[in-house]
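Everything below concerns the one structure shown next.
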Amino acid sequence: MLTSYRHIGLIELRDQLTRFAPRPKKIEQGLLAEKLLNELEDDRDYLFDYVYFRITNYHPDSKLRQTIRSEDLQHDLRLLIEDLADAAVLDSESAGERVLTVNELAKKFQVSTKTISRWRDAGLVARKFMFGKRKRVGFLQSSVDQFIKDNRDKVRRGERFSQLSGDEKSEMIERARQLAEGGASLSEVTLQLAGQMDRSPETIRYTLKNFDVKNQSLAIFPHHRESLTEDDKRVIAQLYAHGATIPQLCKRFKRTRSSIRRILDEVRMQEISELPLDHIYNEDFEDTSREAEYLADMPDGPPARKVRTPADLPSYLAALYDVALLNREQEGHLFRKMNYLKHRAGVLRDELIASGQTNAATMDQIQSLYEDAVRVKNKIVQANLRLVVSIAKRHLASTDDFFSLISDGNMSLIRAVEKFDYSRGNKFSTYATWAIMKNFARTIPKEFKHRDRFRTSGEEMFDAHQDQRRDPYTEETVQRQRQRELARILDRLDEREQKIISARFGLQRGVEPLTLKEVGAEMGVTKERVRQLEARALTKLREAARDAKIDVELGAG
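End of the sequence shown sits at 557 in UniProt numbering; the numbers just go up one at a time, nothing left out.
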């Protein structure tokens, strides 16, 4: 996955879509993201809620109303499209339209591959495709056509400029030296030479900068320092996070130690300010003397009633029943702990912003509190994953994709965990059931059309689902038959394939869905090998479903 996103909300959305959405959804969401990208206007701020809805067709539950600058949103949407394509494993031969490689596009317009890279930065949408057995960057013909339409002057200029010859470079450098000796700055030299030599300013600047780097004793602008862009600052922070030292960064970016440290603090402060710390507030949180109670380990208490595993479930679904359910006391403790952790982090962040200073120790504490809150949330989600599967089974119809229902239900469960108010004394399972079924009401509109019109509360809707079944005995018989058929085709997979499908869909002993890289690390194979095995397993499932004449979409290979 790409790492240079500028907004934390897009990173979290990327993680949700690539981990939970089935393959057809990833492809659809990538197209929706590209459509949104083409509609963005410069110098505008966009609500994250609006962006989230345009890509997923869901309204997020966040109440922060965060905004994203247009230039940052354009940048992050291009990364999101590429990550979704990477996760969906798109084949260039089955893309539905022509796919051009970087070299093919460069040859088509008679420009360098560096020019193609600049076009990507300027808005040309790229995706990763499988070309044979190799994954490479490619461009849909429709994306290329859209870029040409929006950037005709840029493309014409690129077509007009072939690569510089040796004589042209020598002439450019000599003219630049004469202008610089006359007192002209780099920007002045760039503009003058661009007009004189009919070259783009980017070409002039790159050529002169490259010459100075390679010939420091003969440099035209030996003391020049270009101002760092926001992208440069993020790159510095990423390199530092991956082990680069301060001296190495000083040398690479031609900055002092104090400047690099100031940039690192600035970027980190921006990341801290964008952490999603919205939570369910409780006035008890103001009593800091009870902090040890709030942050204590989950109480053992009396064990919750163990639910017997249904006999007709496939093994990887049955594994969900190995995760212990939370009793009321444990549930209340975890929800209080999660919200208190976010509350404390939010208080510290507000104090830090109000001070107008960056304090590494405080930022460390905020980050630690947030990560602890995420771990608690994940524990709650894992303990309730079987609820999603249980409800999805009851709503599985001949035209539904079972894995898609589970994916949608998982997202509803996550949102329910973040919105549940534990202080009211209600059971979370009741609230989550209502949230998941409300989501399925949109997924399966015919089933819920009449019910939505008269629903007054979550519990009444749940009761109505039980009472309005036209023939409970017949429906139950059909449902059990479908479960047996599904279990039978899943048994076509060998143990390793079942483990991969289980891990990738988050159904292996209650853990969340894992990435290809994480599954590969557990199994001791490469990410690409996991991708191949997953594709083979899904192909087997589709073939088995077709042979058994079961009208259930099991995903695309």
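From the three backbone atoms N, C-alpha and C, an ideal C-beta is built for every residue, glycine too.
Item to check | Segments assigned alpha helix (DSSP H), at least 4 residues, entirely inside the region 7 to 53 | outcome: 8 to 20, 23 to 39
Checklist entry - Would you report the Cα separation of residue 16 and residue 371, rounded to the nearest angstrom? => result Here residue 16 is taken as the residue at index 16 of the sequence shown, counted from 1. Here residue 371 is taken as the residue at index 371 of the sequence shown, counted from 1. Going from the Cα of residue 16 to the Cα of residue 371 covers about 17 Å.
Checklist entry - What alpha helix (DSSP H) runs, 4 residues minimum, are completely inside the region 46 to 123? => result 48 to 56, 70 to 88, 102 to 109, 113 to 121
Item to check | C-beta contact flag for residue 274 and residue 524 at 9 Å | outcome: Taking the first residue of the sequence shown as position 1, residue 274 is located at position 274. Taking the first residue of the sequence shown as position 1, residue 524 is located at position 524. No, the pair does not count as a contact, with Cβ atoms beyond the cut-off.
Checklist entry - Taking Cβ positions, are residue 66 and residue 47 nearer each other than 9 Å? => result For the purposes of this step, residue 66 is taken as the residue at position 66 of the sequence shown. For the purposes of this step, residue 47 is taken as the residue at position 47 of the sequence shown. Yes, the pair counts as a contact, with Cβ atoms nearer than the cut-off.
Next on the checklist: Taking 8 Å as the cut-off, is the C-beta of residue 347 nearer than that to any heavy atom in the ligand GDP?
Outcome noted: Among the components of this structure there are no ligands whatsoever, and the ligand GDP is therefore not found.
Checklist entry - Does the Cβ-Cβ distance between residue 2 and residue 83 come in under 9 Å? => result Mapped onto the sequence shown, residue 2 falls at position 2. Mapped onto the sequence shown, residue 83 falls at position 83. Yes, Cβ-Cβ distance for residue 2 and residue 83 is below 9 Å.
Next on the checklist: Quick check: residue 123 and residue 103, are their CB atoms within less than 9 Å of each other?
Outcome noted: Residue numbering aside, residue 123 sits at position 123 when the sequence shown is read from its first letter. Residue numbering aside, residue 103 sits at position 103 when the sequence shown is read from its first letter. In this structure, residue 103 does not lie closer than 9 Å to residue 123 by Cβ.
Item to check | With 16 other Cβ atoms within 10 Å as the buried cut-off, status of residue 57 | outcome: In the sequence shown, counting from the first residue as 1, residue 57 sits at position 57. Exposed: under 16 other Cβ atoms inside 10 Å.
Checklist entry - If you draw a straight line from the alpha carbon of residue 441 to that of residue 386, how long is it in whole angstroms? => result Your numbering for residue 441 matches position 441 in the sequence shown. Your numbering for residue 386 matches position 386 in the sequence shown. Taking the straight line joining both Cα atoms gives about 19 Å.
Item to check | Contact between the region 374 to 381 and the region 402 to 418 (3+ Cβ pairs under 8 Å) | outcome: yes
Next on the checklist: DSSP three-state label for residue 138, please.
Outcome noted: In the sequence shown, residue 138 corresponds to position 138, counting from 1. Here residue 138 sits in strand by DSSP.
Checklist entry - Quick one: Cα of residue 421 to Cα of residue 430, how far? => result The residue given as residue 421 occupies position 421 in the sequence shown. The residue given as residue 430 occupies position 430 in the sequence shown. Approximately 12 Å, taken between the alpha carbons.
Item to check | Three or more C-beta pairs below 8 Å linking the region 337 to 347 and the region 244 to 255 | outcome: no
Checklist entry - So who's on the other strand from residue 131, going by DSSP bridges? => result Here residue 131 refers to the residue found at position 131 of the sequence shown. Answer is 134, bridged to residue 131.
Checklist entry - For residue 254, which three-state DSSP category applies? => result Along the sequence shown, one-based indexing puts residue 254 at 254. Reduced to three states, the DSSP call for residue 254 is coil.
Checklist entry - To the nearest angstrom, how far is it from the Cα of residue 129 to the Cα of residue 491? => result Position 129 of the sequence shown holds residue 129. Position 491 of the sequence shown holds residue 491. So the alpha carbons of these two residues sit roughly 31 Å apart.
Checklist entry - If you draw a straight line from the C-alpha of residue 240 to the C-alpha of residue 270, how long is it? => result Reading the sequence shown from its first residue, position 240 is the one you call residue 240. Reading the sequence shown from its first residue, position 270 is the one you call residue 270. One C-alpha to the other measures close to 16 Å.
Next on the checklist: Assuming the contact rule is C-beta atoms closer than 8 Å, residue 69 and residue 45 should be a hit. Round their C-beta distance to whole Å, please.
Outcome noted: Start at 1 with the first residue of the sequence shown, and residue 69 comes out as number 69. Start at 1 with the first residue of the sequence shown, and residue 45 comes out as number 45. Right, the Cβ-Cβ distance comes to about 6 Å (below 8 Å), so this counts as a contact.
Item to check | CB of residue 191 within 9 Å of CB of residue 199, strictly | outcome: Within the sequence shown, the letter at position 191 stands for residue 191. Within the sequence shown, the letter at position 199 stands for residue 199. No, Cβ-Cβ distance for residue 191 and residue 199 is not below 9 Å.
Next on the checklist: Given this structure, state the Cα-to-Cα distance separating residue 168 from residue 114, to the nearest angstrom.
Outcome noted: Counting from one through the sequence shown, the residue named residue 168 turns up at place 168. Counting from one through the sequence shown, the residue named residue 114 turns up at place 114. The straight-line gap from Cα to Cα measures roughly 18 Å.
Checklist entry - Below 8 Å, can you find three or more Cβ-Cβ pairs linking the region 323 to 339 to the region 282 to 296? => result yes
Next on the checklist: Would residue 259 and residue 22 qualify as a contact pair, given that the criterion is a beta-carbon distance under 9 Å?
Outcome noted: For the purposes of this step, residue 259 is taken as residue 259 along the sequence shown, with counting starting at 1. For the purposes of this step, residue 22 is taken as residue 22 along the sequence shown, with counting starting at 1. No, the pair does not count as a contact, with Cβ atoms beyond the cut-off.
Item to check | Reduced DSSP secondary structure (H/G/I, E/B, other) of residue 240 | outcome: On the sequence shown, residue 240 is found 240 positions in, with the first residue counted as 1. Correct three-state label for residue 240: helix.
Item to check | Whole-angstrom distance between residue 268 and residue 35, CA atom to CA atom | outcome: Position 35 of the sequence shown, counted from the first residue, corresponds to residue 35. Position 268 of the sequence shown, counted from the first residue, corresponds to residue 268. The straight-line gap from Cα to Cα measures roughly 31 Å.
Checklist entry - Between which two residues does the alpha helix (DSSP H) carrying residue 427 extend? => result Stepping through the sequence shown from its first residue, residue 427 is reached at position 427. Counting along the chain, residue 427 falls outside any alpha helix (DSSP H), and DSSP gives it neither H nor E.
Item to check | Cutoff 9 Å: residue 341 Cβ touching any chain D Cβ | outcome: In the structure shown, chain D cannot be found, because there is only a single protein chain.
Checklist entry - Helix, strand or coil: how does DSSP classify residue 279 here? => result Indexing the sequence shown from 1 puts residue 279 at position 279. Residue state, collapsed to three classes: coil.
Item to check | Sequence-distant residues of the same chain with beta carbon closer than 7 Å to residue 87, five excluded per side | outcome: Within the sequence shown, the letter at position 87 stands for residue 87. 18, 26, listed in sequence order.
Checklist entry - Shortest alpha-carbon distance to residue 206 belongs to which of 172, 136, 251? => result Indexing the sequence shown from 1 puts residue 206 at position 206. Cα-wise, what sits closest to residue 206 is 172.
Item to check | Proximity winner among 493, 216, 187, 358, relative to residue 203 (alpha-carbon distances) | outcome: Taking the first residue of the sequence shown as position 1, residue 203 is located at position 203. Nearest of 493, 216, 187, 358 to residue 203, Cα basis: 187.
Next on the checklist: Out of 221, 383, 281, which one is the CA nearest neighbour of residue 320?
Outcome noted: The residue you call residue 320 lines up with position 320 of the sequence shown. Of 221, 383, 281, the residue nearest in Cα terms is 383.
Next on the checklist: Quick check on the DSSP output: the alpha helix (DSSP H) that includes residue 293 runs from which residue to which?
Outcome noted: Position 293 of the sequence shown, counted from the first residue, corresponds to residue 293. Where residue 293 is concerned, the enclosing alpha helix (DSSP H) stretches over 291 to 294.
Checklist entry - From residue 185 to residue 179, what distance separates their C-alpha atoms? => result Locating residue 185 in the sequence shown gives position 185, counting from the first residue. Locating residue 179 in the sequence shown gives position 179, counting from the first residue. Near 8 Å, if we compare the C-alpha coordinates of residue 179 and residue 185.
Checklist entry - Do residue 501 and residue 528 have their C-beta atoms within less than 9 Å of each other? => result For this step, residue 501 is matched to residue 501 along the sequence shown. For this step, residue 528 is matched to residue 528 along the sequence shown. Not in contact: residue 501 and residue 528 (Cβ atoms no closer than 9 Å).
Checklist entry - If you draw a straight line from the alpha carbon of residue 404 to that of residue 189, how long is it in whole angstroms? => result Residue numbering aside, residue 404 sits at position 404 when the sequence shown is read from its first letter. Residue numbering aside, residue 189 sits at position 189 when the sequence shown is read from its first letter. Each residue's alpha carbon lies about 58 Å from the other.
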